[in-house]
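**Q**
2 protein chains.
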Amino acid sequence: MKNDVKCPLNYTMNLIGTKWKPLILFHLLEENLRSGVLQKHISGISNKMFTQTIRELEKDGLVFRKVYPVVPPKVEYGLTERGKSLEPILRGLDAWGLKDSKI
Amino acid sequence: MKNDVKCPLNYTMNLIGTKWKPLILFHLLEENLRSGVLQKHISGISNKMFTQTIRELEKDGLVFRKVYPVVPPKVEYGLTERGKSLEPILRGLDAWGLKDSKI
DNA sequence: TAACTATACCACTTTTTAGTAAGTTATTGC
DNA sequence: GCAATAACTTACTAAAAAGTGGTATAGTTA
Chain A
1 MKNDVKCPLN
11 YTMNLIGTKW
21 KPLILFHLLE
31 ENLRSGVLQK
41 HISGISNKMF
51 TQTIRELEKD
61 GLVFRKVYPV
71 VPPKVEYGLT
81 ERGKSLEPIL
91 RGLDAWGLKD
101 SKI
Chain B
1 MKNDVKCPLN
11 YTMNLIGTKW
21 KPLILFHLLE
31 ENLRSGVLQK
41 HISGISNKMF
51 TQTIRELEKD
61 GLVFRKVYPV
71 VPPKVEYGLT
81 ERGKSLEPIL
91 RGLDAWGLKD
101 SKI
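Which chain is which? The protein sequence lines are A and B, in order. If you're matching positions, the first sequence starts at 1 in the UniProt record's numbering and goes up one per residue. If you're matching positions, the second sequence starts at 1 in the UniProt record's numbering and goes up one per residue.
1. Could you tell me which chain A residues have their CB closer than 8 Å to the CB of D94 of chain B, listed as they occur along the chain?
2. In angstroms, rounded to a whole number, what distance separates the CA positions of G17 of chain B and L33 of chain A?
3. Since G61 of chain B is in the alpha helix (DSSP H), which residue starts that stretch and which ends it?
4. Can you name, in chain order, every residue of its own chain whose Cβ lies under 8 Å from the Cβ of L28 of chain A, other than the five neighbours on each side?
5. Please give me, in chain order, every unbroken run of the beta strand (DSSP E) with length at least 3 that falls completely inside the region 18 to 91 of chain A.
6. May I ask which residues mark the beginning and end of the alpha helix (DSSP H) holding I16 of chain A?
7. Using the C-alpha atoms, what's the distance from G44 of chain A back to E31 of chain A?
8. By DSSP, does N3 of chain A sit in helix, in strand, or in coil?
9. Does the distance from the C-beta atom of G97 of chain B to that of T12 of chain A stay below 7 Å?
10. For a cutoff of 7 Å on Cβ pairs, would you count G97 of chain A as touching chain B?
11. Helix, strand or coil for K99 of chain B, going by three-state DSSP, please let me know.
12. Check this for me: beta carbons of L15 of chain A and D60 of chain A, under 7 Å apart or not?
13. Could you check whether the Cβ of F50 of chain A sits closer than 7 Å to any Cβ belonging to chain B?
14. For P22 of chain A, tell me which candidate among A:S46, A:V71, A:I42, A:S101 has the shortest Cα-Cα distance.
15. Check whether the Cβ atoms of L86 of chain B and F26 of chain B sit closer than 7 Å, and answer yes or no.
16. Do you know offhand how far S101 of chain B's Cα is from G92 of chain B's?
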């Protein structure tokens, strides 16, 4: 099913409209994190979904990946400028949930 | 998989984090619409998904449904106060998509 | 009386998303 | 030699989301 190109909202939802993407982006707002640390922050995510989701975010240029050539591996993730530009939206979603869940 | 109750973002995504929900809400921002008209605004949605999605929005108190007892049926949908409180977020998502898609 | 209307339901199938569990890598330290 | 490590990767399965096509309704109009 094709999306309506005329609706930018659709464009946005295609980029971040999944279960885990907003969560991962949100947890990177404050600081870059090592792969394992970030994953532990996202309660409930499976190893597979984490890798898969962050790969897509990377492919879409919302997240960057920095690999340190050491053993054992060290990988760091952070937001790109494009990713950072989502900050108001992510905070908005979070704030709305906080407020609404108290009603 | 349970969601992290501690993260309000998760709460919000549970309410509107699907393919069609934000679209439907967005198209109701300006005015209440008859079922058929609304559905035609959402390009690509199937009849079944429309009904199913709007039922959930109604159940969650984001959308109200007004039925006129006439034949053929007339049904109107609109945003509740709770639904309207999502306006900044919906517009934010739309605006972000518009800006980003031009880069 | 038969077609038309707007809305919504149901059964069924396909597609997408998510979860589990195991295996891979290359080096350190015992 | 072998376990421990961090970050994946793969094969398989389960669950959720979405699509298709058909049916019901009951007045109005032709």
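Where a beta carbon is used, it is the ideal one built from N, C-alpha and C, also for glycine. Note that the coordinates shown come from a computational prediction; the quantities given were computed from them, not determined experimentally.
**A** So, from the listed chains and residues:
1. C7, P8, L9, T12
2. 25 Å
3. Looking at the DSSP string, G61 of chain B is not in any alpha helix (DSSP H), and its letter there is neither H nor E.
4. L38, V63, Y77, G78, L79, G83
5. 63 to 68, 74 to 79
6. 8 to 16 is the span of the alpha helix (DSSP H), which, as asked, contains I16 of chain A.
7. 21 Å
8. With a pLDDT of 44 at N3 of chain A, under the threshold of 50, the predicted position of this residue should be treated as unreliable, though the coordinate-derived value follows. In this structure, N3 of chain A counts as coil in the three-state DSSP scheme.
9. Closer than 7 Å, so yes.
10. yes
11. helix
12. Cβ atoms of L15 of chain A and D60 of chain A: closer than 7 Å.
13. no
14. A:I42
15. no
16. 14 Å
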